[in-house]
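Take a look at the structure set out below.
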Amino acid sequence: MNKRFENKVVIITGGASGMGLEAARRFVEEGASVVIGGRSEGKLADAAKVIDPTGAKVRTVAGDISKPETAKDLVLVATENFGGVDILINNAGIFNPKPFLELTEAEYDNFVDIILKGKFFMAQEAAKAMQKRGGGAIVQTGSLWALQAIAATPSSAYSAANAGVHALTKNLAIELASENIRVNAVAPAVIETPIYGTFMSEEQVKETLPTFNNFHPIGRNGQPKDVAEAMLFLASDDASFITGTVLPVDGGVMAGH
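124 is the number that full-length UniProt numbering gives to position 124 of the sequence shown; each next residue is one higher, with no gaps.
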């Protein structure tokens with residue numbers, strides 16, 4: 001096994017399931033120690049057992065990422081347990097399609113607070129810690145929906161918040177370049193993760209997700225592994241000359257139809 005991340009310390013928000021969980025598992029496989037964040041202590045504890053059954057290379061922090069204190073807690077746990085922060089996978093988010101004309105202020109605020117504000121202050125805290133290590137890498141989870149509107153899944157507030165993440169990525173890449181901190185983002189299309197179960201029943205998920213296979217020119221929906229591999233690449237020294245990039249991980253959707 002390639003050990004690209006030997007002795008590296010990684011924070012992953014939204015690390016209890018889906019893309020974040022898969023990325024955490026892969027980082028540990030390649031030698032890193034990880035701190036995962038999420039809302040549920042129970043889900044985080046279950047995820048930690050999957051990531052590292054020994055418990056030696058994983059820690060958890062339960063909290064609301066829209067509150068800057070949660071970012072501070074994640075950095076503190078990484079520093080106290082593993083010595084600092086080298087990599088941030090700024091992944092936490094929510095998704096719930098709803099027509100623009102029906103969206104409430106509370107729903108709008110929730111998208112912006114979790115997706116954009118959460119990533120902003122998490123990146124800020126991580127970057128401060130990375131300065132002490134002489135540099136690092138930040139990989140943010142944006143969205144294909146911020147690059148292209150999809151009629152079947154009306155997502156105006158979600159898309160606007162993620163467009164902010166894409167803009168933040170480019171701005172931070174420029175501001176932090178002199179600190180030897182690279183900042184990139186992935187923009188996934190339909191990835192089969194538990195997030196769809198947050199607004200659909202189990203039966204609806206089973207019926208609906210297969211209808212999106214042909215939405216992707218490559219002919220299938222994405223899996224968490226597809227995005228996790230892109231995250232690990234952007235976080236690694238293999239991508240040492242890449243910063244400020246938003247990488248579609250989309251099965252060809254942005255190429256055209």
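Glycine residues also receive a C-beta, built at the ideal position from the N, C-alpha and C atoms.
- With a cutoff of 8 Å on beta-carbon distance, K3 and G20 are scored as not near each other.
- Taking one beta carbon from each stretch, the region 114–134 and the region 68–84 have 3 or more pairs nearer than 8 Å; the two touch.
- For D73, same chain residues with a beta-carbon under 7 Å away, outside a window of 5 residues either side, are V61, G63 in chain order.
- Of all alpha-carbon atoms in E207, T193, A230, D250, the one lying nearest the alpha-carbon of G93 is that of T193.
- Separation of M130 and E105 (C-alpha to C-alpha, rounded to the nearest whole angstrom) is 36 Å.
- Membership of N81 in the alpha helix (DSSP H) is indicated by the continuous run 68–82.
- The beta strand (DSSP E) runs lying completely inside the region 8–78 and spanning 3 residues or more are 9–13, 33–38, 58–62, given in chain order.
- In the DSSP assignment, V249 falls within the unbroken beta strand (DSSP E) covering 246–249.
- P188 sits in a strand when the DSSP states are folded into three classes.
- According to the DSSP assignment, Q204 belongs to the alpha helix (DSSP H) that extends over 202–208.
- Nearest neighbour of L172 by Cα position, chosen from F212, G55, A127, turns out to be A127.
- V10 and G18 have their C-alpha atoms roughly 17 Å apart.
- With fewer than 16 neighbouring CB atoms inside 10 Å of its own CB, F199 falls in the exposed class.
- In the structure shown, the three-state DSSP call for I94 is coil.
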